[in-house]
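For the sequence shown, my numbering assigns the number 801 to the initial residue and increments by one for each residue that follows.
Heads up: the structure comes next, in structure tokens.
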Amino acid sequence: MDQLRLAYTHTLLLTGRHWRRAANAVMEAHGLSDATAVPLIMIARLDGTPRQNALAEAVGIEGPSLVRLLDQLCEAGLALRREDPTDRRAKVLSLTPAGMAVVARMEADLTRLRAAVFAEVGTADLEASLRVFAALQASAPR
Numbered sequence: 801m802d803q804l805r806l807a808y809t810h811t812l813l814l815t816g817r818h819w820r821r822a823a824n825a826v827m828e829a830h831g832l833s834d835a836t837a838v839p840l841i842m843i844a845r846l847d848g849t850p851r852q853n854a855l856a857e858a859v860g861i862e863g864p865s866l867v868r869l870l871d872q873l874c875e876a877g878l879a880l881r882r883e884d885p886t887d888r889r890a891k892v893l894s895l896t897p898a899g900m901a902v903v904a905r906m907e908a909d910l911t912r913l914r915a916a917v918f919a920e921v922g923t924a925d926l927e928a929s930l931r932v933f934a935a936l937q938a939s940a941p942r
């Protein structure tokens, strides 16, 4: 059983690297690094107006690291950061029209990439894989 787990975790690591390389190529084609593209995409996926702390959690980075990336996105005219009207201590994020356009193009390209990568993988296998990932996330040390 340990050999199977070893093979699984090794394959998981390699597959993650391959996916990241392919996805990064898509993002770079739109003039963004993965560090700036992922928060931009996640703002859109989080209903377009997430709080800054919710975005940090969704992206999986610490708040101070996210602030630097958001500064870059705001300076590039792709995102906006403003006070939350219900809690002035919190910041709410949104995309500018230019940011929405870039995200739409990246999402279309990522959809095509996923279709190509998963062309030979059935729904049942994807669902089983997601169950395994959920179990790993639930039991992994934080």
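The C-beta atom is built at its ideal place from N, Cα and C for all residues, glycine as well.
- Within the same chain, Cβ atoms closer than 6 Å to the Cβ of Q872 are found at T836, the five residues on either side in sequence being excluded.
- Shown here, D847 sits in coil according to DSSP, grouped into three states, outside any helix or strand.
- Around the beta carbon of V902, a 10 Å sphere encloses 16 or more other beta carbons of the protein chains shown; the residue is thus reported as buried.
- With respect to the C-alpha of C874, the residue from G860, R888, V892, E862 having the closest C-alpha is V892.
- For S894, the pairing in a beta bridge is given by DSSP as L880.
- Separation of the CB atoms of H818 and M906 is rounded to 19 Å, and the pair is thereby denied contact status at 8 Å.
- Annotation: the continuous alpha helix (DSSP H) that includes E875 extends over 863–875.
- Membership of H830 in any alpha helix (DSSP H) is not indicated, and neither H nor E is assigned to it by DSSP.
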